[in-house]
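Numbering (the numbering used here), first residue to last: 168 to 452.
Glycine included, each C-beta is placed from N, C-alpha and C at the ideal position.
Values in this document were obtained by computation on a predicted structure and should not be read as measured data.
Working notes, beginning with the structure itself.
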Amino acid sequence: MMRISIRATVLAFVSLLCLWPVVARAQQGSSQPSSRSMDDLNWMEFKQLVPSKIDTVLLTVGTEEAHGFINTGADNTAPIAIAKSIAPDVNALIAPNISYGVTGILAPYPGSIQIPPDVFRAYVRAVLLGLVKNGFRNIIILNGHGPQVGILQDLAEQISLENKVNTLVVNWWILTSDVTKEVFGEDGGHATNNETAMVQAVDPKLVHWELFSGKDMATALPSPADGWSATPFPSTIIEYTEGQGLPKDRSQAKAEEFYNKVVAKVRALVQDTLHKWQMAGFEEP
Ligand SMILES: [Zn+2]
């Protein structure tokens, strides 16, 4: 009896030692959510995670807008991909994307959709308030579209001041204009080298090189000093600096190099901002 029980104890101890890495891994694994997408979580999982384990949310915002020979939803494709790439590193959930926005001068092109600015503002405000009510302390807006930058920055500031939460708006293509110049040697624009590379890195099938006919497809964005404006804008590829930004390098490696550098810069900004909010004591309501 005694011998069996000692043997059993030793066996149990040895098997516990053997199993330890598995147990430890399982415990580690259980602290990871089953998904970082709010769309995929159920309400019971969400309740366990927010805000006790995760109090940061990434809200991606884009629009449906003609983009030369890349997909009309490019302004959604880029921020959604960035959000997926950085969410685990900044311990965030990803809110469902806002796919329709203030498209503006390209809205008359086939497949593009315009949301009036006041409608967009009210809708995004309701989404932001919904995220606040669900317990998120840090709301990071990852925006992919230019004409709604002002509205989003305005709303983010209001929501923060009125609700004592922390908000950050990231306009990825502006934040990374230095990366565009470093990787491509020139400025970017709308549906140019930088956006094409982001889309190509996510899914090369979305870049239709066979439809790209060169500089005839592009027009430089006029400044007020240039003395003209046009709606519909005469081209769906828009250069920010005249003569710069048309895609030249079609290699997948170049697209991925650009994508990875963009993600790294956005990730670093979000991590640094979260860290500084924490240091300043803005983590608690
Ligand atoms: Zn775009």
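Below 7 angstroms, is the gap between the Cβ of residue i and the nearest heavy atom of ligand 1?
i    : result
H375 : no
G311 : yes
P385 : Residue identity differs from the one stated: residue 385 is Ala in this sequence, not Pro. Because no heavy atom of ligand 1 lies under 7 angstroms away, the Cβ of A385 does not count as near it: no.
E139 : Outside the displayed range of the chain (168 to 452) lies residue 139, so it cannot be described from this structure.
D242 : yes
A431 : no
DSSP on residue i, reduced to helix/strand/coil?
i    : result
G196 : With a pLDDT of only 43 at G196, under 50, the local geometry of the prediction cannot be trusted, and the value read off the model is given with reservation. G196 falls in the helix class under three-state DSSP.
I341 : helix
N360 : helix
F180 : Residue confidence for F180 is low, a pLDDT of 49 falling below 50, so the modelled location carries little weight; the figure read from the coordinates is stated next. F180: helix per DSSP, three-state reduction.
T347 : helix
N330 : helix
L413 : coil
Considering only their Cβ atoms, is the gap separating residue j from residue i smaller than 8 angstroms?
i    : j    : result
E362 : A245 : yes
A422 : A364 : yes
G229 : G268 : yes
L319 : V291 : yes
N238 : L378 : no
P371 : Q419 : yes
G311 : N360 : no
L295 : I306 : yes
V337 : V224 : no
F303 : P200 : no
K382 : L335 : no
Between which two residues does the beta strand (DSSP E) carrying residue i extend?
i    : result
I261 : 259-261
V433 : First-last for V433: 419-446, but that is the alpha helix (DSSP H), not the beta strand (DSSP E).
Span of the alpha helix (DSSP H) holding residue i?
i    : result
A241 : 241-253
Taking all protein chains shown into account, decide if residue i is buried (16 or more other Cβ within 10 angstroms of its Cβ) or exposed.
i    : result
L328 : exposed
I280 : exposed
I249 : buried
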